[in-house]
Every structure is written in structure tokens, then in C-alpha cells.
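Asker: My numbering puts the first residue of the sequence shown at 53, with every later residue one more than the last.
Virtual Cβ for every residue (Gly too), placed ideally from N, Cα, C.
Note that the coordinates shown come from a computational prediction; the quantities given were computed from them, not determined experimentally.
Once you've had a glance at the structure underneath, I'll fire off some questions.
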Amino acid sequence: MASGMLTRTLAGLGRRLRLPSSAMSSNRAPLCRASYSGLFSDPDEAVVEEDEAQLNKYHEPVVLVTGASRGLGLEFTRQLIVKYPGQVVYGTARNPDASEGLQALKRRHPIRCELATMDVTKEETVEALAKEIHEKYGRLDLIVNCAGILHIPNEIKPETIIEQLEPEAMMRVFEVNALGPVVVAKHFWELLKIGRGTKTGRAGAVIAHISTRASSIKDNTLAAWYGYRGSKTALNMLVKTMAQESMSRRDPVITCLLHPGTVNTALSKPYSANVPKMKLFSCDYAVERLLGIINKVRPEDNGKFTSWDRQEVPW
């Protein structure tokens, strides 16, 4: 009887402090991150969000975005946090501390926005983050692979003629654009199988890879950009192979390729001067359209390559 009274007392206190139910049912002293100010005054918005997230921490969807420091990756991170309450979103980059956009999101959403250092070309960082998410959340429901390069100032620039091709630079582009996303999938696959997309409304866990129409062999009517085009074409084949394996194993993971259109980002800015205004998209518009596709993918979409306007892109 004494034990029952203690449980009820803890439960009542827990409701006032907004403690997780797991803490109230334990005989150990709970680790509390709640603010005492909530007992005496209206808590600020950040504390409310933190408390609410604590209640659902191990039950709600978890999302991972690569290349989140700027451009499409940053906008995916923002929209996934703002438009889909209740889920945790990992924004990853080689140096998230240097991204003011990510830091601002973290300040605004201290619990639902998780920032992590991950370089898709360094497998040990990918493996380490997979272990962290497994220990902390035990699931993953969506990966958006945005990490990619077309040029790096003073280091890599896209080739306009074959004489400009530099094998070392080209291999680096392939490493980021083609191999990186597959290494990410390798280490997070088991977590995706656990998450299954539960509570997301999707038909399974999803890995969405940002590709480009420039990777299409059928659509290639222009010269140039050997490294970028070739690396994205390689990505397409690797993702198609991944999809075939997922289907043959009957894993609840759908992997797809997306063409965002020409988006006004640092990646495309040096090459978009001649793009008509109505065809140069803002990041928020492009991401909104792509999320509309991601949220409606079905098992039969496994391995498909879809444009922002929902048209299938030819290989």
C-alpha cells in the first residue's frame, strides 16, 4: 500500500514538473531537466517545448538531414522542425558550430533540433552518429541526403572542357556525391527498419537522396561538368541497387531520388545567371515541394527518380 501511495505522489509531482512517465515509474531518482520556474510562473517557449519533447522522447519520429549547414539541407532541417511538431530532427554537417542557421534553429528549438558533426566522406563519423542515435532514440524514420558538391572555391570547379579534368578533384566529387549517401544508408539501415516511418503517415522509413536532372543520360544534351554529372549518375545507380535489395529483403525502407530544380543556393549561384526567374526556385519553395513528394511515397516508389513537379526523371 505504501508503494502505491508513493507512486501516486510521484505521479502528481511529475505532472507538475512535466517529468517523463519512465522517470515516475522508476525507483531511482529521476534525472530532471524541467525548469523550476514552471512551478511559479509561465515558462518560456523554449522550456515548454523542452518539457513536451521529454514526454515523447522515445516514441516520436526521428529525422536525419545531411549537408544541413546551408542551402537545401538547412531549409529541410528548418521545415521538418517547424511544420512537423513532435519529431526530433538531426541537422548534420562537417562543422555545425560554424553554421549560424543551424545554431539559430538550435536556440529556437533546443530539444527537437539536434546538431551533430558528420562528414559523409569519413565513415567513422557516420558510424559514431548512428550509435549515438541508437542509444538516445532507438529509431530513425527519415534521412534526407543533401550533402553534395559542384565546386569548392580555389579547390574544385566544374569542368567546361575535357582538358580541365583533374582526376583527384573528380574522385573527391564522387566521394561526396555518390559514395557518401550510400555509406550513410549502410550505417543507419537497421535504425530505419526499427522506425518504419511509424507516426509519420508514410508507408515506411524513407531515404531521400538529392540528385539532379543533369545526371540523366537520356537528358544529357550539353557538354561539361564531367565530375558532377558522373557522380550523380553513379548515385542514381547505387540508390536503384539499394532499392532492389530493400524490396528483395522486404525491409520497410523506401529509398528514392529527387531533382529539386534549379535552386538559388551557393552551389548553383555561379551558374544560374541565365536561368529564367520563374525557373530559379527559392530554398523554401523547393523543399516544400520535395517534402510533399517524400510524405506520399509508397513501396512502389522504391528506387524512383522524381522531379520537384512530380514527373519521373528518365535515367
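1) Classify asparagine 44 as helix, strand or coil using the three-state DSSP reduction.
2) Helix, strand or coil for serine 267? Go by DSSP, reduced to three states.
3) Could you round the C-beta distance between threonine 252 and aspartate 193 to whole angstroms and report it? I think they count as a contact, below 8 Å.
4) Could you tell me if methionine 294 is buried or exposed, where buried requires 16 or more neighbouring beta carbons within 10 angstroms of its beta carbon?
5) Taking the beta carbon of glutamate 112 as the centre, do at least 16 other beta carbons fall within 10 Å, making it buried, or is it exposed?
6) Per DSSP, what kind of secondary structure is tyrosine 136 in: helix, strand or coil?
7) Is the Cβ-Cβ distance between asparagine 197 and threonine 250 less than 9 Å?
8) Looking at the unbroken beta strand (DSSP E) that takes in serine 334, where does it start and where does it end?
9) Taking Cβ positions, are tryptophan 360 and isoleucine 346 nearer each other than 9 Å?
10) Less than 9 Å separating the beta-carbons of alanine 145 and alanine 120?
11) Throw me the rounded Cβ distance for the histidine 186 and leucine 243 pair, which I believe falls under 8 Å.
12) For valine 349, I'd like the list of residues in its chain whose CB is within less than 7 Å of its CB, leaving aside the five on either flank, ordered along the chain.
13) Please classify isoleucine 204: does DSSP put it in a helix, a strand, or coil?
14) Curious, which full-length beta strand (DSSP E) runs of at least 3 residues does the stretch 146-196 contain?
15) Could you compute how far the alpha carbon of glycine 123 sits from the alpha carbon of glutamate 352?
16) Answer yes or no: do proline 210 and alanine 150 have a C-beta to C-beta separation smaller than 9 Å?
17) Give me whichever residues DSSP pairs with glycine 143 in a beta bridge.
18) Measure the alpha-carbon distance for proline 219 versus glycine 200 and round it to whole angstroms.
19) State yes or no: is the C-beta of serine 121 nearer than 8 Å to some heavy atom of the ligand NAD?
20) Can you list, in chain order, the stretches of the alpha helix (DSSP H) that have 4 or more residues and sit fully within the stretch 234-303?
21) Going by the DSSP bridge assignment, what does leucine 309 pair with across the sheet?
22) Of the choices Ile208, Arg191 and Gly138, whose alpha-carbon is the least far from that of proline 304?
23) Tell me threonine 314's beta-bridge partners as DSSP assigns them.
24) Just how far apart, CA to CA, sit valine 228 and threonine 173?
25) For cysteine 165, tell me which candidate among Ala266, Pro137, Lys183 and Lys292 has the shortest Cα-Cα distance.
26) Return the chain-ordered list of same chain residues with a C-beta closer than 7 Å to the C-beta of isoleucine 392, the five sequence neighbours on each side being excluded.
27) With a threshold of 16 other CB atoms inside 10 Å of the CB of threonine 264, please say whether the residue is buried or exposed.
28) Since I believe valine 134 is in contact with isoleucine 195 (beta carbons under 8 Å), could you give me their beta-carbon distance rounded to a whole number of angstroms?
29) Run through DSSP, which three-state label would glutamate 364 get?
30) Would you kindly check if the distance between the Cβ of phenylalanine 357 and the Cβ of glycine 282 is under 9 Å?
31) On the premise that serine 268 lies in contact with tryptophan 367, defined as a C-beta separation below 8 Å, what is that separation, rounded to the nearest angstrom?
32) For methionine 330, does the count of other Cβ atoms within 10 angstroms reach 16, so buried, or fall short, so exposed?
33) I need the DSSP call for glutamate 211, collapsed to helix, strand or coil.
34) Within 10 angstroms of the Cβ of arginine 248, are there 16 or more other Cβ atoms? Answer buried if so, exposed if not.
Answerer: Well, looking at it:
1) The question about residue 44 has no answer, for the chain in this structure spans 53 to 367.
2) DSSP places serine 267 in helix when its eight states are reduced to three.
3) Between aspartate 193 and threonine 252 the Cβ distance is about 6 Å, and since that is below 8 Å, they are a contact.
4) Its Cβ being crowded by 16 or more others within 10 Å, methionine 294 is buried.
5) Glutamate 112 comes out buried.
6) Tyrosine 136 falls in the coil class under three-state DSSP.
7) Their beta carbons are not under 9 Å apart, which means asparagine 197 does not touch threonine 250 by this criterion.
8) No beta strand (DSSP E) contains serine 334, which DSSP labels as neither H nor E.
9) In this structure, tryptophan 360 keeps its C-beta atom at 9 Å or more from the C-beta atom of isoleucine 346.
10) Yes.
11) About 6 Å separates the CB atoms of histidine 186 and leucine 243; that is less than 8 Å, so the two are in contact.
12) Cβ within range, chain order: Arg254, Ala255, Val258, Ile306 and Cys308.
13) Here isoleucine 204 sits in strand by DSSP.
14) Here the runs fully enclosed are 165-169.
15) Cα to Cα, the separation comes out at about 30 Å.
16) Contact flag unset, no.
17) Listed as beta-bridge partners of glycine 143 by DSSP are Val117 and Leu167.
18) The straight-line gap from Cα to Cα measures roughly 18 Å.
19) Ligands in the displayed structure: none, and consequently the ligand NAD is not present.
20) Segments of the alpha helix (DSSP H) lying fully in the stretch 234-303: 278-301.
21) His261 and Phe357, per the DSSP bridge assignment.
22) If we check each option's Cα against that of proline 304, Arg191 comes out closest.
23) Answer is Leu332, bridged to threonine 314.
24) Whole-angstrom Cα-Cα distance: 6 Å.
25) The shortest Cα separation from cysteine 165 among Ala266, Pro137, Lys183 and Lys292 belongs to Pro137.
26) Nothing can be reported for residue 392: it is not among the residues displayed for the chain, which extend from 53 to 367.
27) Buried is the call here.
28) For a cut-off of 8 Å, the C-beta gap from isoleucine 195 to valine 134 is around 19 Å, too long to register as a contact.
29) In the structure shown, glutamate 364 sits in a strand (DSSP, three-state: E or B).
30) No.
31) Cβ atoms of tryptophan 367 and serine 268 come within 8 Å of each other, at about 7 Å.
32) With fewer than 16 other Cβ atoms within 10 Å, it is exposed.
33) Coil, per DSSP.
34) Buried: at least 16 other Cβ atoms inside 10 Å.
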